[in-house]
Every structure is written in C-alpha cells, then in structure tokens.
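Undergrad:
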Amino acid sequence: PNYSQRKAILCSLRRRIAVIRGPPGTGKTKTAALLVSSAIRLSPTNRVLAVTHSNGAADVLLDCLLLLGVPAVRLGRPASVSDRLRHRTVVAMSERMPEVKRLRKALEIGSSVNYQDRTATAYDLRQCLKETQRMILKSAPVVVTSCIGAHQLHLLSSSMTEEENNNATTTSTNNNNINFPLVVLDEAAQTTEPALICALTAAKAEQLILIGDTQQLPPTVITTKTSSVTKELRSKLGISPKKSPKN
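In case it helps, this note's numbering puts the sequence shown at residues 1 to 247.
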C-alpha cells in the first residue's frame, strides 16, 4: 500500500464510523482488502463482515482478500458466485465435511430402503448441513457477501432450536450468535441505505467503514413508483437531523 492508503486504513480503524473516498483507479477495493486484513491481524479475535452492493463486486473483493492470504469465506448462493471462487462458499465448504458426505452417501445408497428410513436420513442431512454452515460462519474471521445476502446470517443465527436456547448458559448463548463487530462496505456509493441497514442489522455491528466514490455510479433502483414517498425516503436517509429538510 502507498502512503495515502496506509493513512486511510489507520485513520478508519480508529473510528466507529469512517468513510474512505477515492477517485477511479486509486485502488479502493485493494484498500478495502488491506483494511480487512489489517483489522484481523491487529486483533485476532476481531471478525469482519465485508459487504458490497452486488455479487460481482463481492467476488472481486473476495479475490483480493484471498490473494492477501485472508481466510475469507463467501456467503450466498453458489450459482451467484464466480466459478473459480465457488469453493470458498459456505455451501461448498459444508459439503466437504466428512459427516455431510457420509449422510449424503447413505441417502443415495438407501434408495431401496423404506420411506421412513430415507426420511430420517434426509432430516439428519438437513440438520447437519445447517449446523455445519453455522459453525463455518461462527469461526470464519472474514465473511464476504452482498448487503442483501447478509440477511442469511440472521436466518442461520435464529434457526437454533428452542431446546438449545433453553439449555445454553449466558456465555454459550453469546457464542451461538453470529456477530461481526466490524462491517466494511466496498463500492459504498452504489449501495442503497436499506441494503446497508440490512447488513448492519445482520452483523450486529459496532463499527462501520465505507469505501467508495460519490462521483461514480449511483445506486441502481428499479421501481414503477414515482410517488413523493419514494423520493423522500431516498433524499432524507443519511442526512443529519440537524440539517434535515423542512417539511
């Protein structure tokens, strides 16, 4: 990294909310990857949710992180992930687990057994996949996804059974939550406010760093509604209450 990139990373990590802005070609995505790498190296217990506005941008960020040696995993549908990065998806990683392989093989071999046994094996496989994916997300230092795709974190975290919640102690309950204290948003100028809120809520974030350029492409919003309500929402979100427009 050059001097300005190092300075931006150091200043951002010291603040609860920070914005890194750079013109085209200044290496913003590379800076985002270096920032994430620096965050987990400075604090090994820190966990980072790296999000973007689209799956394509998430793949680019994931590629940069892997080149830096960051053990990041990709959350999202494998079909929406680049072929060369698909092996880093949570789904693909869970399929490589020995117990998942055993259950899937048993399900394939047991095509001639009775319906009840096949149903029980299929249920065990679904539960094993769900638990394996949850453990991968809980242990991964960095997870990369789109802002909307981050909602899957909330779904997996809330899918714990009531029995597990009742039996867990206070400490284990906190460990069962999939939390990411730091959220890094790349290509921030192309992201809508509701999408960002989705990622922040799913991560239960304590710190936010946005990286982008307001002079480049704006968010792509496709809607048939042109009411004043839609315009007001987009124009007021992100504005300080002290400078909010008069009604």
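Quick reminder that beta carbons are idealized off the backbone N, C-alpha and C, glycines included.
These numbers were taken from a predicted model, which means no experiment stands behind them.
1) Alpha carbon to alpha carbon, how far is A50 from R84? Give it in angstroms, no decimals.
2) In angstroms, rounded to a whole number, what distance separates the CA positions of L66 and Q116?
3) In three-state terms, what does DSSP make of G76?
4) Is the separation between the beta-carbon of E99 and that of C128 shorter than 8 Å?
5) Have a look at M97 and Q215 and give me their C-alpha separation to the nearest angstrom.
6) By how many angstroms is the C-alpha of C11 removed from the C-alpha of G2?
7) Give a yes or no on whether the C-beta atoms belonging to A140 and V91 are separated by under 8 Å.
8) Beta-carbon separation of P142 and V70 under 8 Å?
9) Could you check how far apart the C-beta atoms of D186 and A57 are, in whole angstroms? I think they sit under 8 Å.
10) Considering only C-alpha positions, which residue in the set T52, M135, L68 and N46 is nearest to C198?
11) Report, in whole angstroms, the separation of the C-beta atoms of G25 and Q5, which I expect to be a contact under 8 Å.
12) Suppose only complete runs of 4+ residues qualify. What are the alpha helix (DSSP H) ranges in the region 87-124, listed by chain order?
13) Starting from the Cα of K130, find the closest Cα among R118, M93, K105 and A150 and give me that residue.
14) Whole-angstrom Cβ separation of L153 and I136, contact assumed at under 8 Å?
15) Under 8 Å by Cβ, that's how I've got A122 and L107 pegged, so tell me the actual separation to the nearest angstrom.
16) Buried or exposed, going by whether 16 or more other CB atoms sit within 10 Å of the CB of R14?
17) Which same chain residues, not among the five before or five after T29, have their C-beta less than 7 Å away from its C-beta?
18) So, at 7 Å on beta carbons, what are the nonlocal neighbours of T132 in its own chain, with the 5 sequence-adjacent residues on each side left out?
19) Closer than 8 Å, CB to CB, is L125 near chain B or not?
TA: Reading off the structure:
1) Each residue's Cα considered, the two are about 19 Å apart.
2) The straight-line gap from Cα to Cα measures roughly 44 Å.
3) G76: coil per DSSP, three-state reduction.
4) Yes; because the gap between Cβ atoms is below 8 Å, this pair is in contact.
5) Roughly 45 Å between the two C-alpha positions.
6) Correcting the residue identity first, residue 2 is Asn in this sequence and not Gly. Their Cα atoms are separated by approximately 14 Å.
7) Not closer than 8 Å, so no.
8) Residue identity differs from the one stated: residue 142 is Val in this sequence, not Pro. Yes, the pair counts as a contact, with Cβ atoms nearer than the cut-off.
9) Between A57 and D186 the Cβ distance is about 6 Å, and since that is below 8 Å, they are a contact.
10) Checked all of T52, M135, L68 and N46; the closest Cα to C198 is T52.
11) No, G25 and Q5 are not in contact; Cβ-Cβ is about 13 Å, not under 8 Å.
12) For secondary structure counted as the alpha helix (DSSP H) over 4 or more consecutive residues, the region 87-124 holds these complete runs in sequence order: 90-95 and 98-109.
13) Each of R118, M93, K105 and A150 was checked against the Cα of K130, and the nearest Cα belongs to M93.
14) About 12 Å; that fails the 8 Å criterion.
15) About 6 Å separates the two Cβ atoms, so the contact holds.
16) When all chains shown are included, R14 counts as exposed.
17) In chain order, V60, L61, C64 and D186 place their CB closer than 7 Å to the CB of T29, counting only its own chain and leaving out the 5 sequence neighbours on each side.
18) S94, M97 and V100, listed in sequence order.
19) Given the protein chain composition of this structure (a single chain), no chain B is represented.
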